[in-house]
């Protein structure tokens, strides 16, 4: 035996972990008793005398220390790197609950425990302290002391668990007043039980502005699962928090919570239905009074008419009387928007048409046809837009039939025949549908089979099964039978299956025989590898009947020697799918408490049992197929499985090693695993990367015999095969020292891998061993890990640094990191990262300062810079700020770190202005430095900073704004900064839009600098070849900055800039800027297309007067561009076309010429019907320029 630890466990009496731990505990109790009688007794010697093996002495000593209440013994156990020893030490409640103040205090822990335990154990220990102090009297003062000490030494994250034990005032200050901590859902739940008002105030922060931008964000969606918890005792607060955001946050109430809300929160539902109604079933609206429902429904309507969606709003009326629905919706629409929905051309959609009374529907259909005569062919979904379908069938069907007779395209005929069916559905006319089916049978039965199937397939989508009659199905069956006889059902399998299945359902609910249709469906499935045996799931009685028919007919029609098993069907596959179908039905039926149906029994089908028996006992069948079928059968009928399966090895393979069942089996019946240990070991080997399998192996260690058999077999295989899985298995069974001895012969002897001469197996093993290091408990020594830090093996060992580094005591890891930092760059940087993760903050600060000053390698410096910034963000202080300033000022030309330093949103407010100024100056310095940043790199970093400061400019002093504007925006000696998109974004979104009460002063400062730039640079360098007019371009770009501005300050800013620019320049010198500023001032808020057109007509004469009538193309181009950015709100050409349509109604010649010019920029495909309406009107205009412009454009359009 190569593992003393496993051998020691075997020597402890007992077969299971429980029995062995009981024996250890009895020995420890005996030592405690002896020690209490005779204090001179040495517990370790006493334990050895009781037969406790040496490797298990620490485990027994923990129990002795707990019994004797010996702090020193507990401290040694807590320092252990063995997870089991540490976990048992945590059960000593007296050590953590504050009852022993000499031990349980921050100073003692900071001196004797925390520096000597691993990072993982530190985290677990802090959680243990928090729970112990929270639920053992009022220990909030002690908890707060621990929190402060840990936060100061190791960072705020380390101390967070202790918040649950702190006082209400302390927690409130941290999470509400100062917003230093973002709580996890678990902490919110725990603190809410103790201090509900603190959590309520904390959640209300999600709707408030942060006093300091460095305060943590509180995301309400993150806490959405918790929010309903508040309803029972704090309903009003729950309602208030939800209404702050007006969103349901995807919350779904349980039945009881729905009832509670409808008792206590019904006013909130009426007041804010868009927030609360999605949380509950829609049927709760039936509990509202008529007045409440009408008010709630009104509040569901969106504020803007363009956001109205008929289908969504109509859906809210599901539980109203059918005849009242459309009336309620139309009346509410009129109340909310002040207009008639039916008079709005774009609001009358197919969904609206289907909901209208017959007379109104026909009237609307005729109105639609006046402007849209298109048949809407080409896409299945477009048939609902063919407005003829909404006429009465006496009118619509002849029109569609006539069009069918004219069409030579098979796709068009398919679409038109679908429209025949759809118009019958719209009119709810089964008689008309019958005539349509007769028409198809007589006139079109010889159409392409796929076409006929696609036509018939829309019937189930538009008619309920029970709405059809036998006469309908006689015709449908004739078509299906004809296609079957021609062997053409396969041309559209899904459509065929859909219509046949619908027919089966119809026959079942009307007590008609289904055998023929079942036969037909089986025939259809014969060429399908994965047939659907569970059909008509919406009717369990029918589903069961069909499944019975499938099982009976397949056994009778296709005996074992039938040629069908030689085609697409595989006997094993089809049998598996049939058993799976039975299992699926039985599972759903058993879960349905209201069902009176019996589950299906496989025993009713002898042929199936014979096939199952043959497959499962035939070792020539593929193992994975047998395993899968075995598992299914076992789940479906365990007794049947026991009766027919002779190959019991399938039982082991049928157990999913990745399922929790394997852990349960080990706990409840380890004998079964022991009797078949080789099969289980093989399964372990195959699934060794599964965490559940790894847990299974760790649990095996404390069983009798099983770990020995596993380890000896694995070791034997490892010595002969060197398999990757073997080394992983042994790492989970062996303790650190034994595993270290095992792999020592394989430690790399040379730094490089020779692809030609090195054995592939040995090389692969060397790359697997580091993976195994992550799993060994207790962990291997850090010295052996260090031996892998050479040459080609470095990257394989790097992942171990983080994992093992979290499991080894901090003092050892810090010493290990110092060794790593003495090695080459590729290893050193990982040593720095690990040091930062494990050490105390003062140690990290000293290390980073030292590395910054002495290390010149760019990769190391990049890590140091990033670590300094992260440390400052997480733990801001004057000391760390000093290092950060030194780091920025020390940036060199070849450093890559400026990019990582450009993320400034987490910098505390009090340091922010100095930091931004320092970074911007550093960029300029590095750009001018030899070997420093290129212009592109400098601009990219500059832009990152300016984009990121938009969210924090509200805390900038005016002096910083002045610095940025004067040094970078109005200084055209470096125009790449001034003309960058990021600078333009900063000027508008940062400096002007967020000015608030300072807007006037800021505009004065801005105007002064702008006037100076125009005077100095306008037309400058224009006489020099190859030189651009920099000042001119600057002003031109300024107009583009203003153009997209949609805010309350838009008019004020535009007027101020207009005054400044055109007090120096004439409109003709910068016409684009002139136009954009006038448009921005005139259209400072969204307008309807009609009002927009009227406003343009008002200002057009002054524009023509300033720029001349010959400038109409220029005005039209600027207007189109302005509309696209400012007015469309994402609708693009639709809004432009709407405005143009209004322009054509106004009759002004100049205005209409502009519209004809703008037409060329529109896409006809965005809203083709409106596009052509505008074209037709403009083509009829009396002005030749208008007509010429229109024809010049449309004549170039390529046909579809």
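Residue numbers (the numbering used here): 7 to 1206.
Ideal Cβ positions, reconstructed from N, Cα and C, are used throughout, including at glycine.
Predicted model, so just to flag it, every value in this text is computed and none were measured.
Contact annotation: the region 104-123 does not touch the region 800-812, with fewer than three C-beta pairs closer than 8 Å. By the neighbour-count criterion, in which 16 or more other beta carbons inside 10 Å mark a residue as buried, residue 898 falls on the exposed side. The region 1036-1074 contains, as complete alpha helix (DSSP H) runs of 4+ residues, the segments 1036-1048, 1056-1067 (chain order).
Distance from the CA atom of residue 812 to the CA atom of residue 167, rounded to whole angstroms, is 18 Å.
Remark: C-beta atoms of residue 758 and residue 797 approach each other more closely than 8 Å.
The DSSP assignment places complete alpha helix (DSSP H) segments of no fewer than 4 residues inside the region 689-722 at 697-706, in order along the chain. Three or more pairs of CB atoms, one per stretch, sit closer than 8 Å, so the region 424-432 contacts the region 442-456. When the Cα atoms are used, residue 919 and residue 1048 turn out to be separated by approximately 26 Å. Residue 260 and residue 598 have their C-alpha atoms spaced approximately 19 Å apart. Collapsing the DSSP output to three states places residue 601 in coil. The three-state secondary structure of residue 815, taken from DSSP, is strand.
The three-state secondary structure of residue 636, taken from DSSP, is helix. The secondary-structure analysis by DSSP pairs residue 1198 with nothing; it has no beta-bridge partner.
Annotated three-state conformation of residue 576 is coil, per DSSP. Within its own chain, the residues whose Cβ lies closer than 7 Å to the Cβ of residue 393, once the five positions on either side in sequence are excluded, are 371, 374, 375, 378, listed in chain order.
In the displayed model, residue 501 falls within a helix according to three-state DSSP. One thing to note: residue 481 has its Cβ no nearer than 8 Å to the Cβ of residue 489. Of all alpha-carbon atoms in 526, 926, 512, 513, the one lying nearest the alpha-carbon of residue 503 is that of 526. About 13 Å separates the Cβ atoms of residue 1143 and residue 1182, ruling out a contact at the 8 Å cut-off. DSSP places residue 36 within a helical segment (H, G or I) once states are collapsed to three.
Residue 214 sits in coil when the DSSP states are folded into three classes, being neither helix nor strand. Within the region 955-1021, the runs of alpha helix (DSSP H) at least 4 residues long that lie entirely inside it are, in chain order, 964-970, 981-984, 987-991. Inclusion of residue 1081 and residue 1121 in the CB contact set at 8 Å is warranted, their separation being smaller than that value.
Around the C-beta of residue 789, fewer than 16 other C-beta atoms lie within 10 Å, and the residue is accordingly described as exposed. The alpha-carbon separation between residue 456 and residue 413 amounts to approximately 18 Å.
Apart from the 5 residues on each side of it in sequence, residue 477 sits with its Cβ closer than 7 Å to the Cβ of 440 in its chain, given in chain order. In the DSSP assignment, residue 279 falls within the unbroken alpha helix (DSSP H) covering 279-282.
CA-to-CA, the gap between residue 184 and residue 211 works out to about 11 Å. Secondary structure of residue 154 (DSSP, three-state): helix.
Beta-bridge partners assigned by DSSP to residue 124: 815.
Using a C-beta cut-off of 8 Å, the region 186-202 makes no contact with the region 875-887, since fewer than three inter-stretch Cβ pairs fall below that distance.
CA-CA distance, residue 1159 to residue 990, rounds to 34 Å. Along the length of the region 838-864, whole alpha helix (DSSP H) runs at least 4 residues long occupy 847-860, reported in chain order. Fully contained in the region 299-385 are the following alpha helix (DSSP H) runs of length 4 or more, in chain order: 316-321, 331-343, 356-361, 364-377. Taking a 10 Å sphere around the C-beta of residue 857, we find 16 or more other C-beta atoms and assign the residue as buried. By the Cβ test, the region 1179-1197 is in contact with the region 1154-1168, since at least three Cβ pairs between them sit closer than 8 Å.
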